[in-house]
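Visitor: Please read through the structure below; I'll follow up with questions.
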Amino acid sequence: MGGSRAAAPGEAAPGEAAPGGPADDEQPRRRLSWTRLGLLVLVVALVGGGGFASVTRAADQRGAVPVASWSVPYVDVTLTPTFQFQDPEVNPARTVALAFVVADPEDGCAPSWGGYYSPEQAGTDLELDRRIAQLRSAGGDVLVSFGGQANDELAVTCTDAGDLTDAYRDVVERYDLATIDLDIEGPALADRAAAARRAEAVAALQRERAAEGSPLAVWLTLPVAPTGLTGEAVELVRATLAGGVELTGVNVMTMNYGAARAATQSMRAATEQALRATAAQVEELYEEHGTELGGARTWARIGATPMIGQNDVDGEVFTLADAEALAGFARDTGLGRMSLWSLNRDTACSASFADVAVLSNTCSGVDQEPLAFVQTFAELGDGPAARVSDVVVQDPTRQAVVDDPATSPYPVWRSEAQYPAGYKVVWHGSVYQARWYAEGIDPSVPATAATPSPWALLGPVTTSEAAPEPVPTVTGVTEVWNPETLYQKGARVLLDGLPYEARWASRSEAPGTLFPVRSDQAWQPLFTLPGQPAGS
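Note that this note's numbering has the sequence shown beginning at 55, numbered continuously upward.
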């Protein structure tokens, strides 16, 4: 996608009809024959949380009815500051699309987040696994998007289909995904060899998952013009279907039209034209492959992703009025899914910007209330029910969990401790991170509009975790602290094998062993702990 942009898919699942009324050539969607109802029950039973993936092509041909549009905004996972998608205070969306997994720059068959973090590193540095668990425990879910505008999509650099399948599988299994998105743009769009490898690998993974009873829905996310998909994009869809992928649908990036949009055409008009043209193309491509669509069944296979606010192209601005109109279009047509790029940008830019109409990764460049775009699209529907997480998040109305330091990955919160912004603690079985300086404020106490909490809930402590391992920042300290010795400022000692330095002269005042050590204590730790912000 553009600028900071990412793209990911949402998932559409068979089920009840959209509330916006039937498409022009359809009978009212709630009037189901018993045969069709039986098909729907079968689809739901086999697909579960996996989306609108068809059980067989025959089921599509016999007219499975789509659900209401599904709102699934994107989150740029590696962007700083980290967007806390698991926190309902900053994210009203029930399901999010996490972008982007790409090839590791050092290993073309190894998945990475944005080329910066391996999945393991993202689990520690970004707390990604914990945050996903928190979102799911609250009834939400995630999708993962592969590819994007920058870096290399895995199929471009990984030339062995078996290794490529392994790479996709690693991500799907690590995050227990029911849906993935393949965001293909730039040079990758025309890479036919990569398209064939990708289709072979994804189709193999879908067969594996289906055999295990965990179907995998797959969306393609592609650039679009007001006239529809480009020739390269059409060929990519065709190759994906021909390669055996059970393709849930095609999500188009309704943004950055450039010269393809007439100067007199509004963003709203260009977007609606692009979606209608894409629907016609997708219907034809599926029919070439033996899947009969038409009307509501076609629209259920289409997704839209605008870049909210200022686009990369000068003069292209997607406004809140455009968002409201697109939401209405989605309801009227039964559009399968509705995304946006991105939740990170869904706020007005600060006064430090000289001009409101700016392009930024962290704000929209238009005058708006925080989260106004995602709230507009959230009214479309929540999509299928999320799967129940294996991790249980503590209910604050129940008896509080007693935290064991030996099994807590960060220090247990203490009311007398001083916590700088970014510090992580454990409290009542959950991990929290300080948004700003905090002292004496219980992380588990819910925030209110009048008293916002300095703590962000990251997610639950798991049963496999252990106490954090301190990392010394100096070497060569050998003297063990002795309560009888008078130490001068700057003296260095060891306590329990960890180094400290005297802030001032002291005798019999032991170095602190509860972390973080307060600034009014005599000894400064010469080591760091996981979860401790740099420089603190």
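Where is the CB? At the ideal position from N, CA and C, for every residue including glycine.
(1) Would DSSP call Val-540 helix, strand or coil?
(2) In angstroms, rounded to a whole number, what distance separates the CA positions of Gly-162 and Leu-434?
(3) Measuring alpha carbon to alpha carbon, tell me which of Thr-352, Met-321, Glu-239 ends up nearest Gln-335.
(4) What span of residues does the beta strand (DSSP E) with Ile-362 cover, start to end?
(5) Quick check on DSSP: helix, strand or coil for Thr-275?
(6) Applying the 10 Å Cβ sphere with the 16-neighbour rule, what's the burial state of Pro-241?
(7) Using 8 Å as the Cβ pair cut-off and three pairs as the minimum, do the segment 518-529 and the segment 181-201 touch?
(8) What did DSSP end up calling Ser-166 once you bin it into helix, strand or coil?
(9) Leaving out the 5 sequence neighbours to the left and right, which residues in its chain are closer than 8 Å to Thr-211 when beta-carbon positions are compared?
(10) Identify which residue in Ala-323, Gly-357, Tyr-473, Asn-415 has its Cα closest to the Cα of Thr-44.
(11) Write down every uninterrupted run of the beta strand (DSSP E) in the segment 202-290 whose length is 3 residues or greater and which is fully enclosed by it, in chain order.
(12) For Leu-580 and Pro-537, which I take to be in contact (beta-carbon distance under 8 Å), what is that distance rounded to the nearest angstrom?
(13) Over the uninterrupted beta strand (DSSP E) stretch that includes Glu-555, give me the two end residues.
(14) Whole-angstrom Cβ separation of Gly-388 and Ala-426, contact assumed at under 8 Å?
(15) Which runs of the beta strand (DSSP E), 3 residues or longer, sit entirely within the segment 343-426?
(16) Taking Cβ to Cβ, would you say Thr-219 is nearer than 8 Å to Trp-273?
(17) With a CB to CB cut of under 6 Å and the five nearest residues on each side skipped, what residues in its chain are close to Asp-78?
(18) Nearest to Gly-168 by alpha carbon, out of Arg-148, Leu-189, Ala-147, Asp-130?
(19) What number of angstroms, rounded off, separates the C-alpha of Gly-382 from the C-alpha of Thr-516?
(20) Tell me the DSSP secondary structure of Phe-154 in three-state form.
(21) Report the start-end ranges of each beta strand (DSSP E) in the segment 289-331 that is 3 residues or longer and not cut off at the edges.
(22) Please identify the residue among Thr-134, Phe-431, Val-306, Gln-327 whose C-alpha is closest to the C-alpha of Glu-378.
(23) Output needed for Gly-363: all residues of its chain with C-beta closer than 7 Å, excluding positions within five of it in sequence on either side, in chain order.
(24) Ala-556 to Val-485, Cα distance in whole Å?
(25) On the three-state DSSP scale, how would you describe Ser-172?
(26) Going by the beta-carbon positions, is the gap between Gln-188 and Leu-511 smaller than 8 Å?
(27) Report the residue from Asp-179, Gly-216, Ser-172, Val-150 whose alpha carbon sits nearest the alpha carbon of Thr-258.
(28) What three-state label does DSSP hand Ala-488 in the structure shown?
Guide: By the coordinates alone:
(1) Looking up residue 540 in the sequence shown gives position 486. Residue identity check: residue 540 is Leu in the sequence provided, not Val. If DSSP states are grouped into helix, strand and coil, Leu-540 belongs with the strands.
(2) The sequence position of residue 162 within the sequence shown is 108, counting from 1. The sequence position of residue 434 within the sequence shown is 380, counting from 1. Straight-line Cα distance between these residues: approximately 39 Å.
(3) To locate residue 335, count along the sequence shown from 1; it is residue 281. Ranking Thr-352, Met-321, Glu-239 by Cα distance to Gln-335 puts Thr-352 first.
(4) As a first step, residue 362 must be located in the sequence shown, where it is residue number 308. No beta strand (DSSP E) contains Ile-362, which DSSP labels as neither H nor E.
(5) Along the sequence shown, read from residue 1 onward, the residue named residue 275 stands at position 221. Correct three-state label for Thr-275: strand.
(6) For the purposes of this step, residue 241 is identified with residue 187 of the sequence shown, where counting begins at 1. When all chains shown are included, Pro-241 counts as exposed.
(7) no
(8) Position 112 of the sequence shown, counted from the start, is the residue given in the question as residue 166. In this structure, Ser-166 counts as strand in the three-state DSSP scheme.
(9) Your numbering for residue 211 matches position 157 in the sequence shown. Residues Ala-157, Gly-162, Cys-163 of the same chain have their beta carbon placed closer than 8 Å to that of Thr-211, with the five preceding and five following residues left out of the count.
(10) Residue 44 lies beyond the range of the chain shown here (55 to 590); nothing can be said about it.
(11) 233-237, 271-277
(12) Taking the first residue of the sequence shown as position 1, residue 580 is located at position 526. Taking the first residue of the sequence shown as position 1, residue 537 is located at position 483. That belief does not hold up - the Cβ atoms of Leu-580 and Pro-537 are roughly 19 Å apart, past 8 Å.
(13) Indexing the sequence shown from 1 puts residue 555 at position 501. Looking at the DSSP string, the run of the beta strand (DSSP E) that includes Glu-555 is 552-556.
(14) The residue labelled residue 388 in the question sits at position 334 within the sequence shown. The residue labelled residue 426 in the question sits at position 372 within the sequence shown. Their Cβ separation, rounded to whole angstroms, is 24 Å, which puts Gly-388 and Ala-426 out of contact at 8 Å.
(15) 356-360
(16) As a working mapping, residue 219 is identified with position 165 in the sequence shown. As a working mapping, residue 273 is identified with position 219 in the sequence shown. Going by C-beta atoms, Thr-219 is not nearer than 8 Å to Trp-273.
(17) Position 24 of the sequence shown, counting from 1, holds the residue named residue 78. Below a pLDDT of 50, predicted positions are generally treated as unreliable, and Asp-78, at 35, falls in that range; the measurement from the model is reported next regardless. If we look at Asp-78 and ignore the five residues flanking it on each side, it has no Cβ neighbours.
(18) Locating residue 168 in the sequence shown gives position 114, counting from the first residue. Minimum Cα distance to Gly-168 is reached at Asp-130.
(19) Residue mapping note: residue 382 aligns to position 328 of the sequence shown, counting from 1. Residue mapping note: residue 516 aligns to position 462 of the sequence shown, counting from 1. Going by the C-alpha atoms only, they are around 42 Å apart.
(20) Along the sequence shown, read from residue 1 onward, the residue named residue 154 stands at position 100. Reduced to three states, the DSSP call for Phe-154 is strand.
(21) 301-308
(22) Residue numbering aside, residue 378 sits at position 324 when the sequence shown is read from its first letter. Closest by alpha carbon: Phe-431.
(23) Within the sequence shown, residue 363 is the residue found at index 309, counting from 1. These residues qualify, in order along the chain: Val-371, Phe-372, Arg-399, Ser-418, Gly-419, Val-420.
(24) Here the question's residue 556 lines up with position 502 in the sequence shown. Here the question's residue 485 lines up with position 431 in the sequence shown. Cα to Cα, the separation comes out at about 31 Å.
(25) For the purposes of this step, residue 172 is taken as residue 118 along the sequence shown, with counting starting at 1. Correct three-state label for Ser-172: coil.
(26) Position 134 of the sequence shown, counted from the start, is the residue given in the question as residue 188. Position 457 of the sequence shown, counted from the start, is the residue given in the question as residue 511. Yes, the pair counts as a contact, with Cβ atoms nearer than the cut-off.
(27) Taking the first residue of the sequence shown as 1, we reach residue 258 at position 204. First, the amino acid is wrong: residue 258 is Ala here, not Thr. Checked all of Asp-179, Gly-216, Ser-172, Val-150; the closest Cα to Ala-258 is Gly-216.
(28) Sequence index remark: in the sequence shown, residue 488 carries index 434 (1-based). Residue state, collapsed to three classes: strand.
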